[in-house]
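In what follows, a single structure is set out as structure tokens and then discussed.
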Amino acid sequence: NERIEPHRIETLESLVKSKFEILTYTEAIDILMKANKKFEFPVKWGLDLQAEHERYLCEEHIKGPIMVRDYPREIKAFYMRVNDDDKTVAAVDVLVPQIGEIIGGSQREERFDKLKEQVAYHHVKEDSIWWYYELRRYGTVPHAGFGLGFTRALMYMSGMANIRDAIPFPRTPRNAKF
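Using the working numbering, the letters of the sequence shown map in sequence onto residues 844 to 1021.
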């Protein structure tokens, strides 16, 4: 099939055997800023990594899978745990060649006072998340969560070149019939 990369099994076996490099967001930005490459999207500390940046890191710099951690708090959700530096949060993205981000996760903020600070910092209306406060008001244990981009994972495992080919029921323009 012309839409599927040949030698996909070998690619997947290589990924399984690979060491996942771990970089901080700051290290990733430094690498991108020093890269002898013109990116379509700007590279600057405090801006989110774009797919082209993620793929450069995986495919050209590290040449393998990467975990990028400790993102700036202003570009991540209010519920992510603030690190001791007060500038970053305990978040991680798993990046793989050919795709970029495939998993995103974070430790959740368990300190109620810090959670309230994060809500204010991110300009979230407290009355819209009263229920979230109620879950945390009397304490909680340190915990974390992650999300797997299922269609991206399917795309990577199958070797399809376009994510639309991996979606069983794609929502494309002029395709939804009511």
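In this text, a Cβ means the ideal position worked out from N, Cα and C, and glycines have one as well. Computed from a predicted model, the values in this text were never measured in an experiment.
Self-check item: Rounded straight-line distance, which links the Cα of C901 to that of F863
Solution: Distance between the alpha carbons of F863 and C901: 10 Å.
Quiz item: Buried or exposed: which applies to S857, given that a residue is buried once 16 or more other Cβ atoms fall within 10 Å of its Cβ?
Solution: By the 16-neighbour rule on beta-carbons within 10 angstroms, S857 is exposed.
Self-check item: Rounded C-alpha distance that separates P1016 from R1007
Solution: The alpha-carbon atoms of P1016 and R1007 are separated by roughly 12 Å.
Quiz item: With distances taken from CA atoms, which of D927, P908, T931, I909 is nearest K919?
Solution: Considering only D927, P908, T931, I909, the residue with the shortest C-alpha distance to K919 is T931.
Quiz item: So who's on the other strand from A934, going by DSSP bridges?
Solution: DSSP lists S949 as partners of A934.
Quiz item: Going by other Cβ atoms of all chains shown within 10 Å of its Cβ, with 16 needed for buried, is E853 buried or exposed?
Solution: So E853 ends up on the exposed side.
Quiz prompt | Member of L892, G990, K959 whose CA lies at the smallest distance from the CA of R924 | solution = The closest CA to that of R924, considering only L892, G990, K959, is found on K959.
Quiz item: Are the CB atoms of Y899 and L866 nearer to each other than 8 Å?
Solution: No, the pair does not count as a contact, with Cβ atoms beyond the cut-off.
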